[in-house]
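Undergrad:
Number of protein chains: 2
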Amino acid sequence: MIDIQTQFVKNVLEGAGLSLKDSGSAFAPSNIALSKYWGKRDPELNLPINSSLSISLGNLGTKTKIRLADADSVSLNGTPVDLNDGFAIRTLEFLKLFPMVGTHFEVRTENNIPTAAGLASSASGFAALVLALNDLAGWELGGRMLSMLARLGSGSASRSIFEGFVQWHAGNCDDGSDSFAEPFSKPWNEFRIGILELSNARKPVGSRDGMNRTVQTSELYKSWPAQANRDIETIRTAIHTQDFPTLGKAAENNALAMHATMMSAWPPLLYLQPESIEMIHQVQRVRAEGLEVYLTIDAGPNIKLLFLEENESQVAAAFPRLQVIQPFG
Amino acid sequence: MIDIQTQFVKNVLEGAGLSLKDSGSAFAPSNIALSKYWGKRDPELNLPINSSLSISLGNLGTKTKIRLADADSVSLNGTPVDLNDGFAIRTLEFLKLFPMVGTHFEVRTENNIPTAAGLASSASGFAALVLALNDLAGWELGGRMLSMLARLGSGSASRSIFEGFVQWHAGNCDDGSDSFAEPFSKPWNEFRIGILELSNARKPVGSRDGMNRTVQTSELYKSWPAQANRDIETIRTAIHTQDFPTLGKAAENNALAMHATMMSAWPPLLYLQPESIEMIHQVQRVRAEGLEVYLTIDAGPNIKLLFLEENESQVAAAFPRLQVIQPFG
């Protein structure tokens, strides 16, 4: 397993120089997919079945500093992490893919996204780690290569290499060389995302296992790749023309379709909680009253709202617990 | 529209005698689909896109008595129904398809299923009406023909012509002549159904509109017919071998997949309420603890449990508000 990943890393770094510094540091934003990544075609290289499209969350994300050391150490938000903890294990295993840089690392990570808000920290985490490595090693890799390295840590991390709207191309090659992310379009300053934190209960099934179960057992999943392709095209066009209702509709439909594939897996995969359903109904109600607000949901119970600046006060009034994010600063 | 239905009725009644009695009466059971009917290929003849398979609910259903009269009248559970009420309108419109029997009818209907329990009364209602007509007119039609007439009133009514396990064959013909129900297999005396009445709120979208919206807008629906065909075969075999876990699993997966197609429609069709989600999680929890209980859900918020007699007390303990039905008396 490590061999395939090691070979992939070698291919990406071919031709890159090595000019070690004392330490490397970087920030990477969290991101929320408007058209979701759901289903792997290769679990070792994290190659997806379908392309996905996201929006990065501006200055909300992960800041990571790494330096070479005599022994491994990991800290998170200033607190040392036990090396047997899952977070430390995944971080250090990832760094083992880069023996040309070093064998032991001191890793200091800071997340300024509330972990409980249901925002994936693995996306910004692995993206920041790769960017910090690039800084430490002096590779001077381009975004495409960096996104492919981040992908090895976590699929959605490939998108967190960039700001703004980002598309992760699924690619076709078995060696993973054409599965990378790229940013597109200009800022959309009026774009807002609202987080409704409904539950910070630990997920009963992680995303990785959840998508595998869905791919293997859901009959409806067979129609998912076509839906994803359709939604990405719709959303791309809507971003270029700044057609918010079209974007919102496609994003909400895409998220609910992803949850539909989960629900039709066996055993049924139901990340939604009673409060999630209440909020989905509430979004439909206020939209029926004329408010332009749409939702998206990742593999968890929390609801994220999509709306424009001009409707922020009305949305906040309809959803009192809302935490508003400005993805373009 | 009426013309196509009138022609269909003529075809079905071709060769049937007419030997009018004073009155006709009949009982038809309600039924619960284990593999759902979801999607019409012809809205006038109520021809389904996929076959479905149900279990009739024994002595729970509708008793109807009709007689020829000088003016139309309809009563429900002993109370006269206003002729502008939707129930009266649908009943009398259906009877207008049978001018060879009479032009005005007195219809007395009694349901012994709690309407609020989320059990469709239109299925047993139209089946009982057709059976009562057959009695009144002396047609002496066989079950297959009766099921096709009941289908014109409500698709699922075709299955309520029979007791026990029933399959409604979707058929292929445009004229609807091969879309009929038939019973199969012997009684399964240990089979139990438990109703969890969670909400008797009126559905925001009726089944007819709901299935049309799903067929027209859900990308995932494209995989639904294949799922339905697979589930019917699995359930048929499980009934013959009395393999309850296999039946339960296929029925639950089928119901959740139907709701998945709804959820991925646009606008999203979410019949599930917060309490429905709570119960779906609860079923998964108790099953993980070893209790053989499965669920099914129709186009509404209420949950129906499937289990065997031997587990009845345990299921009742886990679901306090349970109302238990013995489909085989």
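Heads up: the sequence lines are chains A and B, in that order. So the numbering used here is basically just the index in the first sequence, starting at one, shifted up by 61. So the numbering used here is basically just the index in the second sequence, starting at one, shifted up by 61. C-beta atoms are modelled at their ideal positions from N, C-alpha and C, and glycine is treated no differently.
Hey, B/Ile256 and B/Lys365: beta-carbon distance below 8 Å or not?
TA: Taking 8 Å as the cut-off, the Cβ atoms of B/Ile256 and B/Lys365 count as close.
Undergrad: Quick check on the DSSP output: what are the complete beta strand (DSSP E) runs of length 3 or more inside the segment 188-232 of chain A, in order along the chain?
TA: 226-229
Undergrad: For B/Pro328 and chain A, any beta-carbon pair shorter than 8 Å?
TA: yes
Undergrad: Sort out for me which residues DSSP pairs A/Lys71 with in a bridge.
TA: Paired residue(s): none; A/Lys71 is not in a bridge.
Undergrad: To the nearest angstrom, how far is it from the Cα of B/Ala131 to the Cα of B/Leu153?
TA: Correcting the residue identity first, residue 131 of chain B is Asp in this sequence and not Ala. If you take the alpha carbons of B/Asp131 and B/Leu153, they lie about 14 Å apart.
Undergrad: Given a threshold of 16 other Cβ atoms within 10 Å of its Cβ, counted over all protein chains shown, does A/Lys97 qualify as buried or as exposed?
TA: buried
Undergrad: How about B/Met161 and A/His320: are their beta carbons less than 8 Å apart?
TA: 8 Å or more divides the Cβ of B/Met161 from the Cβ of A/His320.
Undergrad: If the criterion is Cβ atoms closer than 8 Å, does the pair B/Val70 and B/Leu158 meet it?
TA: yes
Undergrad: Where does B/Gly186 sit, in a helix, a strand or coil, going by DSSP?
TA: In the structure shown, B/Gly186 adopts helical secondary structure according to DSSP, grouped into three states.
Undergrad: Going by Cα to Cα distance, which pick from B/His301, B/Pro306, B/Leu317 is closest to B/Tyr282?
TA: B/Leu317
Undergrad: List the endpoints of the continuous beta strand (DSSP E) containing A/Gln384.
TA: Where A/Gln384 is concerned, the enclosing beta strand (DSSP E) starts and stops at 384-386.
Undergrad: To the nearest angstrom, how far is it from the Cα of B/Ser185 to the Cα of B/Gly271?
TA: 21 Å
Undergrad: So what does DSSP say about A/Pro328, is it helix, strand or coil?
TA: coil
Undergrad: Indicate whether at least one CB of chain B lies closer than 8 Å to the CB of A/Arg291.
TA: yes
Undergrad: With distances taken Cα to Cα, identify the nearest neighbour of B/His165 among B/Leu194, B/Gly147, B/Thr140, B/Ser183.
TA: B/Leu194
Undergrad: Taking just the CA atoms, how far does A/Ser279 sit from A/Val191?
TA: 34 Å
Undergrad: Taking Cβ-Cβ distances below 9 Å as the criterion, which residues of the segment 82-104 of chain A are in contact with chain B?
TA: none
Undergrad: Taking the alpha-carbon of A/Asp64 as reference, which of A/Glu75, A/Ala87, A/Val385, A/Glu105 has the nearest alpha-carbon?
TA: A/Glu105
Undergrad: Check each residue of the segment 287-317 of chain A: if its Cβ is closer than 8 Å to any Cβ of chain B, include it; give the result in chain order.
TA: Ala287, Gln288, Arg291, Lys310, Glu313, Asn314, Leu317
Undergrad: Using DSSP bridges, identify the partner residues of B/Arg253.
TA: Beta-bridge pairing links B/Arg253 to B/Phe368.
Undergrad: Do you know offhand how far B/Asn173's Cα is from A/Glu313's?
TA: For B/Asn173 and A/Glu313, the distance between alpha carbons rounds to 41 Å.
Undergrad: What residues of chain A sit near B/Ala149, judged by a beta carbon separation below 8 Å?
TA: Here the premise fails: no neighbours, minimum Cβ distance about 30 Å.
Undergrad: At the 8 Å Cβ level, is B/Ile341 part of the contact set with chain C, yes or no?
TA: Among the chains of the structure shown, chain C does not appear; the protein chains present are A and B.
Undergrad: Starting from the Cα of A/Asn363, find the closest Cα among A/Ile341, A/Leu369, A/Asn107 and give me that residue.
TA: Nearest neighbour of A/Asn363 by Cα position, chosen from A/Ile341, A/Leu369, A/Asn107, turns out to be A/Ile341.
Undergrad: Would you please verify whether the beta carbon of B/Lys283 is less than 8 Å from any beta carbon of chain A?
TA: yes
Undergrad: Which runs of the alpha helix (DSSP H), 4 residues or longer, sit entirely within the segment 127-161 of chain B?
TA: With a minimum length of 4 residues, the continuous alpha helix (DSSP H) runs that stay inside the segment 127-161 of chain B are 147-156.
Undergrad: Could you have a look at B/Tyr355 and say whether DSSP puts it in helix, strand or coil?
TA: Strand at B/Tyr355.
Undergrad: Thinking C-alpha only, which one of A/Ser208, A/Ser134, A/Leu259 is nearest A/Glu167?
TA: Residue A/Ser134 is the option with its Cα nearest to A/Glu167.
Undergrad: Excluding the five sequence neighbours on either side, which residues of its own chain have a C-beta within less than 8 Å of the C-beta of A/Ser182, listed in chain order?
TA: Ser91, Thr123, Asn172, Ile174, Thr176
Undergrad: Going by C-alpha to C-alpha distance, which of B/Phe305, B/Ser208, B/Val276 sits closest to B/Asp239?
TA: B/Ser208
Undergrad: How do the segment 377-387 of chain B and the segment 334-353 of chain B stand: do at least 3 beta-carbon pairs fall below 8 Å, yes or no?
TA: In short, these stretches touch, since the Cβ pair count reaches three.
Undergrad: How far does the beta strand (DSSP E) with A/Ala77 in it extend, from its first residue to its last?
TA: Neither: A/Ala77 is in no beta strand (DSSP E) and is coded neither H nor E.
Undergrad: Opposite B/Pro14 in the DSSP bridges: which residues?
TA: Because residue 14 of chain B is not part of the residues shown, which for chain B are 62 to 390, the question remains open.
Undergrad: Pop quiz: A/Val73 and A/Leu210 are said to be a contact at Cβ under 8 Å. What is the actual Cβ separation, rounded to whole angstroms?
TA: 6 Å
Undergrad: Just to confirm, is the Cβ distance from B/Ile222 to B/Ala89 under 8 Å?
TA: yes
Undergrad: Cβ of A/Ile338 within 8 Å of Cβ of B/Pro335?
TA: yes
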